[in-house]
Amino acid sequence: ARRRRLPLRLVHAVNVSAVAYSGGIDPAGHFLEELESLGDQQLADASAMIGKAHPELDIELSLRDAHPATMLIDESQDAVLTVVGSRGLGGFRGALLGSTAVALTGHAHSPVAVIRGRQPDDEPPITGAVVVGIDGSPASEAATAWAFEEAAARDTELIAVHAWTEFASDLAYFRAHQAIVDWTGFEANQSKMLAERLAGWSEHYPDVRVHRVINRDRPVRALLQFTDDAQLVVVGSRGRGGFTGMLLGSTSRALAYHCPCPLLIARPQRDG
Numbered sequence: 041a042r043r044r045r046l047p048l049r050l051v052h053a054v055n056v057s058a059v060a061y062s063g064g065i066d067p068a069g070h071f072l073e074e075l076e077s078l079g080d081q082q083l084a085d086a087s088a089m090i091g092k093a094h095p096e097l098d099i100e101l102s103l104r105d106a107h108p109a110t111m112l113i114d115e116s117q118d119a120v121l122t123v124v125g126s127r128g129l130g131g132f133r134g135a136l137l138g139s140t141a142v143a144l145t146g147h148a149h150s151p152v153a154v155i156r157g158r159q160p161d162d163e164p165p166i167t168g169a170v171v172v173g174i175d176g177s178p179a180s181e182a183a184t185a186w187a188f189e190e191a192a193a194r195d196t197e198l199i200a201v202h203a204w205t206e207f208a209s210d211l212a213y214f215r216a217h218q219a220i221v222d223w224t225g226f227e228a229n230q231s232k233m234l235a236e237r238l239a240g241w242s243e244h245y246p247d248v249r250v251h252r253v254i255n256r257d258r259p260v261r262a263l264l265q266f267t268d269d270a271q272l273v274v275v276g277s278r279g280r281g282g283f284t285g286m287l288l289g290s291t292s293r294a295l296a297y298h299c300p301c302p303l304l305i306a307r308p309q310r311d312g
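Heads up, the final residue of the sequence shown is numbered 312 in my numbering, and it's a clean run with no missing numbers.
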């Protein structure tokens with residue numbers, strides 16, 4: 041929000057019906073007031089902490105009686121970016137991705153950032169490259185736009201990764217037939233395609249240093265190789281695989297569960 045000079049909207053859901061009726065608690069009693077008071081305090085504390093660090097930010101607060109995922113999906117309709125932690129207070133210890141994050145990444149109208157720390161109190165990384173996965177799909181083009189903008193704003197390099205096989209069976213077949221596949225020519229064509237897709241963006245962001253990576257591997261594995269030292273990984277919501285109407289592709293879904301650094305899932309304009 042600070043980099044983009046946009047207002048920051050902090051939202052908190054008081055899911056009264058789910059808690060009250062499952063436990064036999066009367067939502068008309070003091071319980072509702074206590075939940076709302078706690079929610080207001082959490083919003084106020086977060087606002088004060090952020091305002092102290094970034095006094096120039098315009099911060100808005102919203103407390104709603106709704107399921108957290110439903111609320112965030114609704115809020116995402118008018119958002120430039122919706123940000124959520126990988127998991128909240130619910131669920132069970134050790135879960136890789138909470139139910140709210142799962143629902144939001146699959147159904148949000150805007151790009152979604154999923155923030156995960158290796159430890160509960162970890163701060164998001166402030167050093168390292170921005171990594172983007174590129175496959176030529178509309179969502180990948182949206183991811184490329186976000187990645188260049190983020191790399192420029194963070195004054196860091198951009199690692200653009202293109203991997204061209206999705207399935208283990210494909211990879212096994214290709215490896216078994218290396219003698220009859222012109223890998224040198226094939227990789228040269230893939231490298232040329234990647235360079236062409238990045239050329240226009242590099243002209244628009246001349247100060248962003250780009251490192252191109254061509255990898256004959258699954259996209260998820262190819263991207264995860266760079267995540268330990270990355271500030272941010274950016275991917276499209278779905279690539280060229282899958283079926284029409286799929287809300288979230290296999291690569292973005294797997295990264296939402298396993299990417300150790302912040303992950304931004306971009307959507308093409310027509311999706312939202």
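Glycine included, C-beta positions come from ideal geometry on N, C-alpha and C. None of the values given here were measured: they were computed from a predicted structure.
N- and C-terminal bounds of the beta strand (DSSP E) containing residue 251: 250-255
For residue 288, the residue or residues it bridges with in DSSP: Its beta-bridge partners do not exist; DSSP assigns none.
DSSP-derived helix/strand/coil call for residue 120: coil
Contact between the stretch 235-245 and the stretch 140-147 (3+ Cβ pairs under 8 angstroms): no
Given 8 angstroms, three or more beta-carbon pairs between the stretch 118-127 and the stretch 144-155: yes
Residue 302 and residue 271 closer than 9 angstroms at C-beta: yes
Nearest-angstrom Cα separation, counted from residue 172 out to residue 106: 34 angstroms
Reduced DSSP category for residue 176 - H, G, I as helix; E, B as strand; rest coil: coil
Supposed contact pair residue 252 and residue 235 - C-beta distance, whole angstroms, cut 8 angstroms: Contact between residue 235 and residue 252 holds: their C-beta atoms lie close to 7 angstroms from each other, under 8 angstroms.
Per-residue burial, residue 111 [other beta carbons within 10 Å of its own, 16 or more giving buried]: The residue in question, residue 111, is buried, as its Cβ has 16 or more Cβ neighbours within 10 Å.
Close beta carbons around residue 311, own chain, < 6 angstroms, minus the five adjacent residues each side: Any reading at residue 311 is ruled out, since the residue's pLDDT is 44, under 50, leaving its predicted position unreliable.
Helix, strand or coil at residue 149 according to DSSP, with G and I counted as helix: coil
Residue 125 - partner residues in DSSP beta bridges: 155
CB contact flag (residue 308, residue 179, <9 angstroms): Yes; because the gap between Cβ atoms is below 9 angstroms, this pair is in contact.
Residue 154 versus residue 228 - alpha carbon distance: 34 angstroms
Cβ shell of residue 32 (< 7 angstroms), same chain only, five flanking positions each side left out: Nothing about residue 32 can be reported from this structure: the residues present for the chain run from 41 to 312 only.
Residue 42 burial status per 10 Å Cβ neighbour count (16 or more: buried): exposed
Whole-number beta carbon distance between residue 48 and residue 321, since they are thought to touch under 8 angstroms: A question about residue 321 goes unanswered here, because the residues of the chain that appear run from 41 up to 312.
Own chain residues within Cβ distance below 8 angstroms of residue 196, not counting five before or after: 167, 168, 169, 170 and 271
Residue from 261, 273 and 165 with nearest C-alpha to residue 186: 273
Inter-residue Cα distance where the pair is residue 277 and residue 184: 12 angstroms
Between the CA atoms of residue 88 and residue 94 - distance to the nearest angstrom: 10 angstroms
Local Cβ density within 10 Å of residue 85, reported as buried at 16 or more and exposed below that: exposed
Assigned exposure category for residue 44 - 16 Cβ within 10 Å defines buried: exposed
Burial state of residue 108, where buried means 16 or more other Cβ atoms lie within 10 Å: buried
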